[in-house]
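Numbering (my numbering), first residue to last: 2 to 243. Notes to accompany the following structure.
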């Protein structure tokens with residue numbers, strides 16, 4: 002399977018380069034080699050790495066807030082039908098609202114520094130909330146009833162019953178949330194244009210009609226998203242195994 006994956010990467014990279022050369026329109030489709038050269042140039046600048054650091058901190062902030070808030074609300078809703086009914090309407094609104102529309106509205110309320118984080122939290126919160134709430138609702142009723150019969154304290158039930166039941170769903174949801182956080186943060190940065198952000202650099206290069214730089218920054222965002230996700234969840238898996 003790894004061989005097929007590598008072949009797929011090489012195939013589409015060659016297809017990109019061939020298509021760019023056949024089109025011969027750098028302003029529309031720059032070649033892969035020119036994009037890689039531009040990425041190498043950008044990576045040698047202070048602006049690139051400082052922007053990357055700030056963007057990464059926004060992603061981590063959004064991911065942390067979403068995880069904590071999602072777990073709290075998910076457990077509360079999963080264990081209390083009244084809370085679930087109360088939260089059903091606001092979560093339905095959040096799910097139905099397009100990302101760009103939410104960002105445009107938030108531009109009136111929040112600073113350019115905070116907006117990407119807040120939008121990322123709002124757009125990814127339903128993922129963890131639904132995962133936790135759904136896992137508790139579909140849990141083994143006999144196991145839950147047994148924990149009540151033996152009159153286990155809430156903290157004991159939370160640690161030894163509820164959390165083990167929801168752990169696989171939480172980890173899957175967290176991986177989805179982390180990837181989505183990169184996307185929403187980047188979109189928020191492009192529209193709000195904070196001083197230091199990869200999204201801001203993307204917007205600047207677009208205005209200056211530098212498509213190779215735009216493609217290079219998109220490639221950088223994609224690579225950093227994949228690498229940071231692999232590193233983060235490899236660490237989580239390692240800590241869970243020790």
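Heads up, the beta-carbon is just placed ideally off N, CA and C, and yes, glycines get one too. This structure is a prediction, so every number in the text was calculated from the model and none was measured.
**Prompt:** Exposed or buried, residue 41, counting other C-beta atoms within 10 Å across all chains shown (16 or more means buried)?
**Reply:** exposed
**Request:** Would you mind giving the Cβ-Cβ distance between residue 163 and residue 76, rounded to the nearest angstrom? I have them listed as a contact below 8 Å.
**Result:** 7 Å
**Environment of residue 213 [buried if 16+ CB atoms lie within 10 Å]** = buried
**Message:** Since residue 198 and residue 56 should fall inside the 8 Å C-beta cutoff, what is the C-beta to C-beta distance between them, to a whole number of angstroms?
**Reply:** 5 Å
**Under the three-state DSSP convention, the category residue 211 falls into** = coil
**Item:** Separation of residue 4 from residue 115, as counted between CA atoms
**Value:** 43 Å
**Request:** Leaving aside the five residues before and after residue 215 along the sequence, list all residues of the same chain whose C-beta is less than 8 Å from its C-beta, in chain order.
**Result:** 203, 206, 207
**Message:** For a quick check, are the C-beta atoms of residue 1 and residue 117 less than 7 Å apart?
**Reply:** Beyond the ends of the chain as shown, which are 2 and 243, falls residue 1; an answer cannot be given.
**8 Å Cβ shell around residue 178 - same chain, five flanking residues per side excluded** = 64, 67, 68, 71, 125, 128, 129
**Request:** Taking only the alpha-carbon atoms, compute the straight-line gap between residue 201 and residue 101 and give it to the nearest angstrom.
**Result:** 16 Å
**Asked** Helix or strand or just coil, what does DSSP make of residue 195?
**Response** coil
**Request:** Return the chain-ordered list of same chain residues with a C-beta closer than 7 Å to the C-beta of residue 30, the five sequence neighbours on each side being excluded.
**Result:** 20, 21, 24
**Prompt:** What residue from 137, 157, 123 has the CA that sits closest to residue 60's CA?
**Reply:** 123
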